[in-house]
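Residue numbers (my numbering): 51 to 427.
Positions of the beta carbon are idealized from the N, C-alpha and C atoms, including for glycine.
No experiment lies behind these values; they were computed from the predicted model shown.
Worksheet: one structure, shown below.
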């Protein structure tokens with residue numbers, strides 16, 4: 051029993067010695083760790099908040115967001131790997147990176163580890179881009195970190211005889227638990243980009259299989275190594291080339307959303323003015339009718355201006371938004387007509403104007419219900 055224990059301890063000491071010979075200094079893991087911390091501090095200073103609650107800032111500083119990434123901003127595939135949605139997201143990823151990264155870097159060497167990390171992150175970002183629709187904003191080192199765990203598992207599978215048995219079981223169980231728990235948690239919670247996790251893990255595992263070599267063996271260029279390097283670049287290139295076009299133009303969509311918000315704000319004010327005018331009308335006598343018609347004239351001008359603001363539908367926006375703009379333009383037109391017929395009836399006492407006022411008011415109410423139902427979808 052003692053001899054077996056001594057032999058296992060000796061095997062572990064030899065393994066550690068070979069690790070340090072294979073990669074004397076862990077350089078990449080602490081640098082990546084530090085970069086993520088530095089970027090997080092920078093984002094805090096920019097105002098994202100500790101819990102990461104400012105989506106516009108994430109988009110501005112390089113989040114992976116389909117409408118922009120696929121609009122020739124492919125650098126977002128890389129920059130998104132260094133952004134995190136809040137302190138908890140950062141802490142979890144950096145703990146996992148520090149825990150597995152140092153060992154994996156010693157197993158593969160500095161350069162190969164860097165290649166695995168970067169391309170696992172890129173493949174994770176691409177997986178997110180292909181799997182999710184263009185409304186998902188994706189950030190985080192998770193894809194790259196999952197790639198590190200994938201590469202660690204690949205080494206334990208391909209070079210299992212280079213690792214002491216006791217250590218092999220422990221490391222394999224830890225890697226499987228981390229990956230399994232993280233994926234299970236991601237599938238049971240909304241807002242977690244499992245596509246990036248799976249894409250990063252698979253790419254890390256494949257690169258690990260191709261780049262794993264026995265500890266102590268000199269690095270020799272081989273077909274598998276060339277396949278790992280060239281294959282990564284070629285797959286990334288073609289994944290970018292064959293990506294679908296953006297679902298909508300982000301800038302045009304943003305301007306359209308701003309126009310709609312401005313419309314809604316002004317609409318509330320005009321409706322309030324009209325209600326006040328109608329209340330005055332109920333209590334009015336013939337002396338104040340000219341004042342009421344003047345108020346209606348102002349109200350009509352306000353609705354006509356809103357209608358004009360919605361005349362042009364920006365190209366490249368989402369179909370739902372374009373439909374909303376059309377409905378709002380029609381709604382403003384009905385409001386203007388309704389106020390006009392009411393004003394005309396007060397001035398002429400023409401029954402036809404009264405009938406038209408009632409008819410258009412009914413159309414306005416129906417369209418308003420349609421707008422409210424559209425907003426609920």
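Item to check | Cβ shell of residue 51 (< 6 Å), same chain only, five flanking positions each side left out | outcome: In this prediction, residue 51 scores a pLDDT of 47, lower than 50, which makes its location untrustworthy; the coordinate-derived value is nonetheless stated afterwards. There are no such residues.
Checklist entry - Going by DSSP, what residues sit across from residue 114 in a beta bridge? => result 188
Item to check | residue 411 versus 422, 386, 397, residue with shortest Cα-Cα distance | outcome: 386
Item to check | Ordered list of alpha helix (DSSP H) runs contained in the segment 194-245, each at least 4 residues | outcome: 215-238
Checklist entry - Is the CB-CB distance between residue 262 and residue 204 below 8 Å? => result yes
Checklist entry - Looking at the structure shown, is residue 99 part of a helix, part of a strand, or coil, going by DSSP? => result coil
Checklist entry - Beta-carbon separation of residue 173 and residue 112 under 8 Å? => result no
Item to check | Residues near residue 244 in its chain [Cβ-Cβ closer than 7 Å; skip 5 each side] | outcome: 233, 236, 237
Checklist entry - Going by C-alpha distance, which of 347, 306, 303, 61 is nearest residue 323? => result 347
Checklist entry - At what residue ranges does the segment 342-419 contain a whole run of the alpha helix (DSSP H), taking only runs of 4 or more? => result 369-398
Item to check | Close-in-space but distant-in-sequence residues of the same chain around residue 414 (CB under 8 Å, 5 per side omitted) | outcome: 381, 384, 385, 388
Item to check | DSSP state of residue 263 mapped onto helix, strand, coil | outcome: coil
Checklist entry - Given residue 320, which residues of its chain have a CB within under 8 Å of its CB, disregarding the five upstream and five downstream residues? => result 349, 352, 353, 356, 385
Item to check | Cβ pair residue 132, residue 102 closer than 8 Å | outcome: No. Outside cutoff.
Checklist entry - Is residue 424 closer than 8 Å to residue 378 when the C-beta atoms are compared? => result It is not a contact, given that the beta carbons lie outside the stated cut-off.
Next on the checklist: Helix, strand or coil, according to DSSP, for residue 77 in the structure here?
Outcome noted: coil
Checklist entry - By how many angstroms is the C-alpha of residue 281 removed from the C-alpha of residue 300? => result The alpha-carbon atoms of residue 300 and residue 281 are separated by roughly 32 Å.
Checklist entry - Contact check, residue 306 vs residue 367 under 8 Å by CB: the rounded distance? => result 5 Å
Next on the checklist: Within 10 Å of its beta-carbon, does residue 88 have 16 or more other beta-carbons around it, so buried, or fewer, so exposed?
Outcome noted: Note on residue 88: under 16 other CB atoms within 10 angstroms of its CB, so exposed under the neighbour-count rule.
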